[in-house]
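Below: the structure, in structure tokens.
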Amino acid sequence: MMNNFIIDFSQQFSYTIAFVLLFLSGVGFPLPEEIVLFVLGYLIFLGQMHWWPVIILSLAGILLGDIAGYFFGLKKGEWLINLIKVKRFLPEHLFYKVEKFFKKHGNWAVFFARFFVGFRFYMCIVAGYFKMPLKKFIFYDVLGAILWTPFIIFLSYHVGNLALIIMDAKRITHKIYIVVGIFFLIILLINFLWEILSDDGENQNV
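Taken in order, the sequence shown gives residues 1 to 206; the numbers are from my numbering.
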């Protein structure tokens, strides 16, 4: 009874940690979400977590983190852009090119940013700064996350499965080597005994 409670509690705690880490990744914490998703996929493979809760909570954590980044850009984007301009990290002419590009291709920029580590967080801020409609931002952000998140988890799950297959193959190969080695030893022993018996027969005939 107590063991079941501890196992259930640890699993729920793991889900909570996963949600929090993915949210923090979305708001700029220096931890790529791919690392968290890869760990989650491996934990599913080990049987310590379950598919649907992991996928749903992962998407929720990612989306909420991205929305937080969007609102940061909406409320504090002007301050951030001015800070960048003051430090000359972003020349004026380059900034206007970014603005022109985003106003023309912002929807797909949000979508494709999901697949590039380091871009997705800044893209959320940029979307907020350029006042992309929230519903449109959520649509394209969710569209990218729905494709990317399960893919990474699924990949990790099968990498774990592949590792197990390789380990099993090594064990089987090891056993085959042992069997083949014993077989050759038996042949050598039979050949050795045959030579001894043949020599004894020749000596007796002499």
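Just so it is clear, CB atoms sit at the ideal spot from N, CA and C, and this is done for glycine as well.
Owing to the predicted nature of the structure, the values given are computational and were not obtained by experimental measurement.
Under three-state DSSP, which class holds residue i?
| i | result |
| --- | --- |
| V27 | coil |
| P150 | helix |
| P53 | helix |
| L46 | coil |
| I176 | With a pLDDT of 48 at I176, under the threshold of 50, the predicted position of this residue should be treated as unreliable, though the coordinate-derived value follows. The answer is helix: DSSP assigns I176 an H, G or I state. |
| K131 | coil |
| F119 | coil |
How big is the Cα-Cα spacing for residue i and residue j?
| i | j | result |
| --- | --- | --- |
| F45 | H158 | 8 Å |
| V27 | V117 | 13 Å |
| Y70 | V39 | 27 Å |
| L94 | A127 | 17 Å |
| K76 | G47 | 43 Å |
| F212 | L21 | Shown here, the chain extends from 1 to 206; a query on residue 212 therefore has no answer. |
Given that a residue counts as buried once 16 or more other Cβ atoms are within 10 Å of its Cβ, and exposed if not, what is residue i?
| i | result |
| --- | --- |
| F137 | buried |
| E33 | buried |
| Y96 | exposed |
| I67 | buried |
| W108 | exposed |
If you compare alpha carbons, which of the options is closest to residue i?
| i | options | result |
| --- | --- | --- |
| W51 | D66, L155, I186 | L155 |
| I35 | A18, M49, V110, G47 | A18 |
| G73 | I55, F23, C124 | C124 |
| Y140 | K75, V126, I55, R114 | R114 |
| G106 | F130, E92, F121, L83 | F130 |
| F151 | Y42, Y15, T16 | Y42 |
| L24 | P133, L143, I186, F121 | F121 |
| I56 | L134, P30, T16, I67 | T16 |
Report yes or no: do the segment 48 to 64 and the segment 101 to 113 share at least 3 C-beta pairs separated by less than 8 Å? no
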